[in-house]
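K.L.:
In our numbering, the protein residues as written are 3 to 267.
Each residue gets a CB set at the ideal place from its N, CA and C atoms; glycine is no exception.
What you are looking at is a predicted structure, and each value in this text was computed from that prediction instead of being measured.
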Ligand code: BJW
């Protein structure tokens, strides 16, 4: 584990001079915006309170679509009251600095785009998009202005809104996110793999690196010769082979690191 002041000059030089760079982000990058992670310490993450088999699987949604829809409605509603944090802005800044920068995220909250990052690769979909459960096709859908704002308490009490239906086939709608056992969007994952094979530096920010195939991307980057820089308050399975492991909140460390990398000397 290294702290920012201890970064070796030669390593900092590599960070400054790289041309092709990727960043893989996870829920931790949005934690300081107030969005819970999935596997937070002491049961604080979503999966400490909810069962992923119920809420992040097709089988769970089919068993109880109203509850599943309500969960995503609640999370969409939470997005209205959150803002990108300094980590999102630092990544947008790094995107402007490096000639080739690919931002790959597992997050579905759209906060990277809101912070100004361009061409973000979303591996697990986006909370704002929906598709037909039956036909698996995207559906243009807007939350009706009079839709109830689903709260955590309503979730618990079983006050779940009706699930809207597909205008084409009448089937139920579902969020356009990737659940366990589902394939990632093929083009998005192919682009992410190319970036991993091609990059000189791979930043891994705020992910437990437990969920595959996203977690394979830093492994690929390393195999193809990239320097791996991890930013996370906790150790993960990739900390032991990261070239630089910075332990702390991304909202503090990333802006400082971006400043060190991008400042004129
Ligand atoms: C901070 C911080 C701060 C806190 N600053 N950091 C065995 C081996 C390998 C694979 C498998 C296996 N068994 C099953 C699989 C496949 C499965 C998988 O990987 N399972 C593992 C859990 C074992 N993967 C899949 O099913 C994927 N599909 C697939 O493989 O298709 C092929 C296939 C098809 C058919 C059959 C089998 C395979 C799909 C995975 C989809 C994941 N979906 C979710 C939900 C998305 C929708 C939604 O949002 O509801 O994606 S689950 C959830 O986990 C979400 C996240 O994107 C994903 C990753 O989580 P992430 O981002 O890493 O968050 P956390 O909470 O885990 O970690 C947060 C981190 O932040 C922590 O480290 C903190 O310390 C840190 N942190 N504060 C910086 N301030």
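With a threshold of 7 Å on Cβ separation, who are the neighbours of residue 22 within its own chain once the five nearest residues in sequence on each side are excluded?
P.N.:
Answer for residue 22: 102, 200, 201, 202, listed in chain order.
K.L.:
Report yes if the CB atom of residue 96 is closer than 8 Å to the CB atom of residue 122, and no otherwise.
P.N.:
Not a contact, by the Cβ cut-off of 8 Å.
K.L.:
Looking at residue 41 and the ligand BJW, is the gap between the Cβ and the nearest heavy atom below 7 Å?
P.N.:
For the ligand BJW, at least one heavy atom lies less than 7 Å from the Cβ of residue 41.
K.L.:
Taking only heavy atoms of the ligand BJW into account, decide whether any of them is closer than 7 Å to the Cβ of residue 221.
P.N.:
For the ligand BJW, not one heavy atom lies less than 7 Å from the Cβ of residue 221.
K.L.:
How about residue 9 and residue 255: are their beta carbons less than 8 Å apart?
P.N.:
Contact flag unset, no.
K.L.:
Quick one, are the C-beta atoms of residue 117 and residue 90 less than 8 Å apart?
P.N.:
Contact flag set, yes.
K.L.:
May I ask you to list the residues that DSSP assigns as paired with residue 173?
P.N.:
Bridge partners of residue 173: none, in fact.
K.L.:
So does residue 12 have its beta carbon nearer than 7 Å to some heavy atom of the ligand PLP?
P.N.:
As far as ligands go, the structure on display features the ligand BJW and does not contain the ligand PLP.
K.L.:
Would the beta-carbon of residue 110 be found less than 7 Å away from any heavy atom of the ligand BJW?
P.N.:
Yes, the Cβ of residue 110 comes within 7 Å of a heavy atom of the ligand BJW.
K.L.:
Check for me: the beta strand (DSSP E) holding residue 168 runs from which residue to which?
P.N.:
Neither: residue 168 is in no beta strand (DSSP E) and is coded neither H nor E.
K.L.:
Please report the distance separating the alpha-carbon of residue 17 from that of residue 248.
P.N.:
C-alpha separation (whole angstroms): 14 Å.
K.L.:
Pick from 251, 227, 225: whose alpha carbon is nearest that of residue 235?
P.N.:
That would be 251, whose Cα lies nearest to the Cα of residue 235.
K.L.:
Excluding five sequence neighbours on each side, which residues of the same chain lie with their C-beta closer than 8 Å to the C-beta of residue 160?
P.N.:
Correct list, in chain order: 69.
K.L.:
To the nearest angstrom, how far is it from the Cα of residue 211 to the Cα of residue 264?
P.N.:
Answer to the nearest angstrom: the Cα atoms are 27 Å apart.
K.L.:
Taking the Cβ atom as the reference point for each residue, do residue 128 and residue 178 lie within a distance shorter than 8 Å?
P.N.:
Yes, these two residues count as a Cβ contact at 8 Å.
K.L.:
Is any heavy atom of the ligand BJW found at a distance shorter than 7 Å from the C-beta of residue 205?
P.N.:
Result no, Cβ not under 7 Å from the ligand BJW.
K.L.:
Cβ of residue 139 versus every heavy atom of the ligand BJW: is any distance shorter than 7 Å?
P.N.:
Flag unset: Cβ of residue 139 not near the ligand BJW.
K.L.:
Report the start-end ranges of each alpha helix (DSSP H) in the stretch 127-205 that is 4 residues or longer and not cut off at the edges.
P.N.:
154-159, 188-200, all fully within the stretch 127-205.
K.L.:
Could you check which residue in 145, 180, 48, 154 has the C-alpha nearest to that of residue 165?
P.N.:
Of the candidates 145, 180, 48, 154, the one whose C-alpha sits nearest the C-alpha of residue 165 is 145.
K.L.:
Leaving out five residues before and five after residue 176 in sequence, what residues of the same chain have Cβ atoms less than 7 Å from its Cβ?
P.N.:
If we look at residue 176 and ignore the five residues flanking it on each side, its Cβ neighbours are 63, 132, 133, 135.
K.L.:
Taking all protein chains shown into account, decide if residue 124 is buried (16 or more other Cβ within 10 angstroms of its Cβ) or exposed.
P.N.:
Buried is the call here.
K.L.:
Kindly indicate which three-state DSSP category residue 106 falls into: helix, strand or coil?
P.N.:
Three-state DSSP puts residue 106 in a strand.
K.L.:
When you compare the CB positions of residue 181 and residue 58, do they come within less than 8 Å of one another, or not?
P.N.:
Against a cut-off of 8 Å, the Cβ pair of residue 58 and residue 181 comes out as a contact.
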